[in-house]
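One structure below.
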Amino acid sequence: MSLGKLPLELLFRMSLYLDRVDEVRLASVNKKARGILLPPIYMFNVRYQGSSGLFRAISMGESDILARMLFDFKADANIKDAKSRTPIFHAIQGAVARGNERIVRLLIDHGVDVNAVAPKPGTALHIAANHGFKSIAELLLATDQKVNMDAVDENGAIALAVAVRRQKREIVSLILAKGSVPINKKDKFRKSALVYAVEAENLHLVSDLLDIDDVDPNGLGISPPISIAAARGNLPMVERFLSRPDIDVSPKSGVTPLYCAAKEGHLQVVRRLLSLGDKIDIQQTVGDRTALSIACDGFHFEIAKLLIQHQTRICHSAASYWKSKVVDTAVSAFKNIMFAYLYLLQKRGA
4 MSLGKLPLEL
14 LFRMSLYLDR
24 VDEVRLASVN
34 KKARGILLPP
44 IYMFNVRYQG
54 SSGLFRAISM
64 GESDILARML
74 FDFKADANIK
84 DAKSRTPIFH
94 AIQGAVARGN
104 ERIVRLLIDH
114 GVDVNAVAPK
124 PGTALHIAAN
134 HGFKSIAELL
144 LATDQKVNMD
154 AVDENGAIAL
164 AVAVRRQKRE
174 IVSLILAKGS
184 VPINKKDKFR
194 KSALVYAVEA
204 ENLHLVSDLL
214 DIDDVDPNGL
224 GISPPISIAA
234 ARGNLPMVER
244 FLSRPDIDVS
254 PKSGVTPLYC
264 AAKEGHLQVV
274 RRLLSLGDKI
284 DIQQTVGDRT
294 ALSIACDGFH
304 FEIAKLLIQH
314 QTRICHSAAS
324 YWKSKVVDTA
334 VSAFKNIMFA
344 YLYLLQKRGA
């Protein structure tokens, strides 16, 4: 006969001779046994063991036991495990795995600190943003507590940036709707939410962020966001940036969008940028290189010709680069001949 078929009276008598670990195992033999044996075990845990049993109740999905621990036994909802995580972190993972959000609701109703920060995942909102747990994010943002939108994870990223990087648009919308978001905040990689949206080439997210007046479309990270879009030849995204009246298409620091598009050979993007006229400084250099010289380096003849037609002047340092170039391979020879041709073409006013 299995333990699960024994009378409850006999199971209860057996529990009197077991230590706590074996008593918990005995309580797991069937639902009725859990209902009788587990409550006193957890009550003892709350009173004498610092409420650590909360983690076990959550991991087992025992929402009824959790409710009793919180509301009847007055367990500490903000106790931390060995990794400095409070029960809310375990609850979010378990809620999604089991489709049981009641545990998260119980913790929130009992006043769990939704802004608690663990070293690696950040806050509970970071976890929801990272995994796309929309319903959990809604619960967290709807709490009476003021959610700390400035909190960061181990990479220095706010929850908004995490949601954007993971392309969880619904959660991005929830966070933006909540307000008080440091939307231009950069992580330790010098990337903002807007930069992550551009790198993902997600035009919807880029548009959502650019619709916010407070977002800085020129925010410098590794490169200006529009320059990243130009380097990838993403003309619709470049157009979206150009729709912002405060966009700077010739930033004084960092690489320019024209330089990036010319370097990567994106003719249509170069043509669109040149159509901006005086807004584009086509003679601006990155280091000692102009858009023309970098286009020549990449054998992008059509782009080079287009730049010359827009009366680009090759900077002195670029001309010096050509004159001093040592021709030792067929490839470098071709590059120098091409550069010389374009240089002479410009000098003749073509």
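Quick note: to get our numbering, add 3 to the position in the sequence shown (first position is 1). Even for Gly, the Cβ is constructed at its ideal location relative to N, Cα and C.
Run of the alpha helix (DSSP H) containing Lys149, from where it starts to where it stops: If you number the sequence shown from 1, residue 149 lands on position 146. Judged by DSSP secondary structure, Lys149 falls outside any alpha helix (DSSP H); it is assigned neither H nor E.
Alpha carbon to alpha carbon, how far is Lys149 from Glu104? On the sequence shown, residue 149 is found 146 positions in, with the first residue counted as 1. On the sequence shown, residue 104 is found 101 positions in, with the first residue counted as 1. Each residue's alpha carbon lies about 21 Å from the other.
Arg274 versus Gly125, Leu109, Arg247, Asn237, residue with shortest Cα-Cα distance: Numbered from its first residue, the sequence shown carries residue 274 at position 271. For Arg274, the nearest C-alpha among the options comes from Asn237.
Continuous alpha helix (DSSP H) stretch holding Gln312: start and end: In the sequence shown, the residue the question calls residue 312 occupies position 309. 304-312 is the span of the alpha helix (DSSP H), which, as asked, contains Gln312.
Could you tell me which of Lys123, Asp67, Asn133 sits nearest to Arg108, measuring between CA atoms? Within the sequence shown, residue 108 is the residue found at index 105, counting from 1. It is Asp67.
What separation, rounded to the nearest whole angstrom, lies between the Cα atoms of Met72 and Leu110? Numbered from 1 along the sequence shown, position 69 holds the residue referred to as residue 72. Numbered from 1 along the sequence shown, position 107 holds the residue referred to as residue 110. If I take the Cα positions, the gap works out to 11 Å.
Nonlocal neighbours in the same chain, by C-beta distance under 6 Å from Ala94, ignoring five residues either side: Within the sequence shown, residue 94 is the residue found at index 91, counting from 1. So the qualifying residues of the chain are Ile61, Ile106, Val107, Leu110.
Considering just the uninterrupted stretch of the alpha helix (DSSP H) at Met240, what are its terminal residues? Start at 1 with the first residue of the sequence shown, and residue 240 comes out as number 237. 238-245 is the span of the alpha helix (DSSP H), which, as asked, contains Met240.
Once DSSP output is grouped into helix, strand and coil, what is the label at Lys326? For this step, residue 326 is matched to residue 323 along the sequence shown. For Lys326, the predicted structure reports a pLDDT of 49, less than 50, and the residue's modelled location is therefore unreliable. A value from the coordinates is still provided. Helix, per DSSP.
Residue environment, Pro122, which counts as buried when at least 16 other CB atoms sit within 10 Å: By 1-based counting over the sequence shown, the position of residue 122 is 119. So Pro122 ends up on the exposed side.
Roughly how many angstroms separate the alpha carbons of Phe74 and Lys137, rounded to a whole number? Walking along the sequence shown from the start, residue 74 turns up at place 71. Walking along the sequence shown from the start, residue 137 turns up at place 134. About 27 Å.
Out of curiosity, what's the CA-to-CA distance linking Gly97 and Gly64? Taking the first residue of the sequence shown as 1, we reach residue 97 at position 94. Taking the first residue of the sequence shown as 1, we reach residue 64 at position 61. Looking at the two C-alpha atoms, the distance is approximately 7 Å.
Apart from the five residues on each side of it in sequence, which residues of its chain come closer than 7 Å, Cβ to Cβ, to Tyr262? Your numbering for residue 262 matches position 259 in the sequence shown. These residues qualify, in order along the chain: Val289, Ala294, Ile297.
Which value, in whole angstroms, describes the spacing of the CA atoms of Ile250 and Ile231? For the purposes of this step, residue 250 is identified with residue 247 of the sequence shown, where counting begins at 1. For the purposes of this step, residue 231 is identified with residue 228 of the sequence shown, where counting begins at 1. Whole-angstrom Cα-Cα distance: 14 Å.
Simplified DSSP assignment, three categories, for Arg292: Reading the sequence shown from its first residue, position 289 is the one you call residue 292. Three-state DSSP puts Arg292 in a strand.
Buried or exposed: which applies to Phe192, given that a residue is buried once 16 or more other Cβ atoms fall within 10 Å of its Cβ? Mapped onto the sequence shown, residue 192 falls at position 189. Looking at its Cβ environment, which holds fewer than 16 other Cβ atoms inside 10 Å, Phe192 is exposed.
So, under 8 Å CB-CB, Asp84 and Phe58 are touching, yes? Tell me the CB distance rounded to an integer number of Å. For the purposes of this step, residue 84 is identified with residue 81 of the sequence shown, where counting begins at 1. For the purposes of this step, residue 58 is identified with residue 55 of the sequence shown, where counting begins at 1. About 6 Å separates the two Cβ atoms, so the contact holds.
Status (buried if at least 16 other CB within 10 Å, exposed otherwise) for Gly125: Within the sequence shown, numbered from 1, the residue matching residue 125 stands at position 122. It counts as buried.
On the DSSP bridge list, what partners appear for Ala121? Numbered from 1 along the sequence shown, position 118 holds the residue referred to as residue 121. Answer is Gly125.
Assuming Val117 and Pro90 form a contact by the criterion Cβ under 8 Å, report the distance between their Cβ atoms to the nearest whole angstrom. One-based indexing of the sequence shown puts residue 117 at position 114. One-based indexing of the sequence shown puts residue 90 at position 87. With a contact defined as Cβ atoms closer than 8 Å, Val117 and Pro90 miss out at about 12 Å.
Nearest by alpha-carbon distance to Gly222: which of Asn133, Leu144, Phe244 is it? Taking the first residue of the sequence shown as position 1, residue 222 is located at position 219. Cα-wise, what sits closest to Gly222 is Phe244.
Are the Cβ atoms of Val258 and Ser226 separated by less than 8 Å? For this step, residue 258 is matched to residue 255 along the sequence shown. For this step, residue 226 is matched to residue 223 along the sequence shown. Going by C-beta atoms, Val258 is nearer than 8 Å to Ser226.
Check this for me: beta carbons of Asp291 and Ser253, under 8 Å apart or not? By 1-based counting over the sequence shown, the position of residue 291 is 288. By 1-based counting over the sequence shown, the position of residue 253 is 250. Result no, Cβ atoms of Asp291 and Ser253 do not sit closer than 8 Å.
Would you decide whether Ser87 is buried or exposed? Buried here means 16 or more other CB atoms lie within 10 Å of its CB. The residue labelled residue 87 in the question sits at position 84 within the sequence shown. Ser87 is exposed by the Cβ-count criterion.
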